[in-house]
Amino acid sequence: MGSADIIPGVSGGTIALITGIYERLVHAISSINFTFMKPLLKGDFSGFKERVLYEIDFELFIPLLLGIAVAFLSLAKLISYLLVAQTANIFAFFLGLILASAYILYTKLDGLNFKLIITTVIGIVLSYIFVGLNPIAANHSLIVIFFSGIIAICAMILPGISGSFLLLLLGQYQYMLNCLSNLKITEMLVFIVGAVIGILGFSKILNYLLENHESITMAFLIGIMIGTLRLPIDKITTSISGSWIPCVVLAVIGFVLIIVMERRFNYIED
7 MGSADIIPGV SGGTIALITG IYERLVHAIS SINFTFMKPL LKGDFSGFKE
57 RVLYEIDFEL FIPLLLGIAV AFLSLAKLIS YLLVAQTANI FAFFLGLILA
107 SAYILYTKLD GLNFKLIITT VIGIVLSYIF VGLNPIAANH SLIVIFFSGI
157 IAICAMILPG ISGSFLLLLL GQYQYMLNCL SNLKITEMLV FIVGAVIGIL
207 GFSKILNYLL ENHESITMAF LIGIMIGTLR LPIDKITTSI SGSWIPCVVL
257 AVIGFVLIIV MERRFNYIED
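Quick note on my numbering: the sequence shown kicks off at 7 and runs consecutively.
Next up, the structure:
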């Protein structure tokens with residue numbers, strides 16, 4: 007998820023879906039209500055321990071957050087290099103990842119009907135328009151970074167919507183990538199605080215939609231994935247300078263990789 011979240015155009019939520027932890031993740035985040043703080047304020051440490059273990063899924067969050075942190079810190083410089091030096095090839099790979107993710111999401115639908123098709127089309131149109139927006143010129147003050155964290159994290163847990171791409175539109179992507187590479191602690195902490203606040207609120211909405219309107223939500227997310235293909239296609243067509251063969255090969259590799267991962271994780275679950 008960390009590797010995907012750091013890449014504009016690819017969603018960590020998609021990886022969570024493929025690996026089979028998506029619904030558990032959304033439910034676990036939405037279940038955090040900070041009721042464990044009540045016994046702590048009263049000095050009841052035994053009650054605090056009991057409530058915090060009940061409310062927070064540490065078996066999920068500890069390895070997941072460690073993995074995301076390691077990916078962010080280790081891949082920041084590599085991704086920065088590839089986006090500049092191998093633009094067409096890296097976005098061709100992303101295109102394959104997104105196409106395969108949309109296909110996997112489609113296989114999870116219980117058939118198609120008119121309502122789901124319309125919902126998918128709406129998702130395509132909205133994300134296509136969104137991807138075409140020009141990056142917003144913004145400063146890098148702490149308050150801007152804070153709200154960027156709130157906005158980006160909501161996209162990071164949605165399959166098909168890239169939190170990094172939102173940061174790109176907000177004019178914060180390169181700056182935050184630089185902060186990661188150079189370990190600028192203040193900026194990173196402010197961003198993380200904003201992200202925590204954003205994800206705690208948004209996860210409750212998403213959890214409700216998945217529990218009560220799962221098919222429509224999935225159809226909308228499929229549309230978003232298809233619409234976001236505009237980004238890698240634009241990047242490939244404007245930056246390619248030689249043969250299309252490497253791009254096609256990398257797109258196929260990305261597609262196959264996601265399909266294999268999805269089947270592998272489904273096999274492990276079974």
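Quick reminder that beta carbons are idealized off the backbone N, C-alpha and C, glycines included.
Note that this is a predicted model, so its numbers are computed, not measured.
Straight-line gap, Met231 to Tyr112 (C-alpha atoms, nearest Å): Taking the first residue of the sequence shown as 1, we reach residue 231 at position 225. Taking the first residue of the sequence shown as 1, we reach residue 112 at position 106. Taking C-alpha positions only, Met231 is separated from Tyr112 by approximately 11 Å.
Might you give, ordered along the chain, the residues of its own chain that have their beta carbon closer than 7 Å to the beta carbon of Leu216, omitting 5 neighbours on each side? On the sequence shown, position 210 is the one that residue 216 refers to. Cβ neighbours of Leu216 beyond the five flanking positions: Glu29, Val32, Thr223.
With DSSP as the reference, label Val255 as helix, strand or coil. Translated into the one-based positions of the sequence shown, residue 255 becomes position 249. Val255 falls in the helix class under three-state DSSP.
Where Thr234 falls: helix, strand or coil (DSSP): Position 228 of the sequence shown holds residue 234. DSSP, reduced to helix, strand and coil, places Thr234 outside both helices and strands of the structure shown, so it counts as coil.
Tell me whether Ile38 sits in a helix, a strand or coil according to DSSP, three-state version. Residue mapping note: residue 38 aligns to position 32 of the sequence shown, counting from 1. Coil, per DSSP.
At least three beta-carbon pairs within less than 8 Å, the segment 44 to 55 to the segment 68 to 86: Touching, no.
What does the alpha-carbon distance come out to for the pair Val127 and Val258? Against the sequence shown, residue 127 aligns to sequence position 121. Against the sequence shown, residue 258 aligns to sequence position 252. So the two alpha carbons sit approximately 25 Å from each other.
Give a yes or no on whether 8 Å exceeds the smallest Cβ distance from Glu268 to chain D. Among the chains in the structure shown there is no chain D, since it carries only a single protein chain.
What ranges does the alpha helix (DSSP H) occupy inside the segment 39 to 79, keeping only unbroken runs of at least 4 residues that lie completely in it? When DSSP assignments are scanned along the segment 39 to 79, the uninterrupted stretches of alpha helix (DSSP H) that are 4 or more residues long and fall wholly within it turn out to be 43 to 47, 51 to 61.
Helix, strand or coil at Gly260 [DSSP, three-state]: Here residue 260 refers to the residue found at position 254 when the sequence shown is read from its first residue. Secondary structure at Gly260: helix, using DSSP grouped into helix, strand and coil.
Suppose contacts are defined by Cβ-Cβ distances below 8 Å. Is Phe97 in contact with Ile242 by that definition? Along the sequence shown, read from residue 1 onward, the residue named residue 97 stands at position 91. Along the sequence shown, read from residue 1 onward, the residue named residue 242 stands at position 236. Their beta carbons are under 8 Å apart, which means Phe97 touches Ile242 by this criterion.
Nearest residue (CA-CA) to Leu212, options Ile159, Met194, Leu195: Sequence index remark: in the sequence shown, residue 212 carries index 206 (1-based). Comparing Cα-Cα distances from Leu212 to each of Ile159, Met194, Leu195, the minimum goes to Ile159.
Inter-residue Cα distance where the pair is Asp116 and Leu122: By 1-based counting over the sequence shown, the position of residue 116 is 110. By 1-based counting over the sequence shown, the position of residue 122 is 116. Spanning the two alpha carbons is a distance of roughly 10 Å.
Uninterrupted alpha helix (DSSP H) stretches inside the segment 160 to 230 (no shorter than 4 residues): Listed in chain order, the complete alpha helix (DSSP H) runs (minimum 4 residues) inside the segment 160 to 230 are 169 to 175, 179 to 187, 191 to 218.
Shortest alpha-carbon distance to Val76 belongs to which of Ser245, Glu268, Leu89, Ile12? What you label residue 76 is simply residue 70 of the sequence shown in a count that begins at 1. Closest by alpha carbon: Ile12.
Please name the residue, chosen from Ser147, Ala94, Ile124, Ser37, that lies closest to Pro238 on a Cα-to-Cα basis. Your numbering for residue 238 matches position 232 in the sequence shown. Residue nearest to Pro238 within the set Ser147, Ala94, Ile124, Ser37 is Ala94 (criterion: CA-CA distance).
Measure the C-alpha to C-alpha separation of Ile246 and Leu174 and round it to an integer number of angstroms. The count along the sequence shown starts at 1 and reaches residue 246 at position 240. The count along the sequence shown starts at 1 and reaches residue 174 at position 168. Rounded to whole angstroms, Ile246 to Leu174 spans 21 Å at the Cα level.
Where Lys121 falls: helix, strand or coil (DSSP): One-based indexing of the sequence shown puts residue 121 at position 115. Helix at Lys121.
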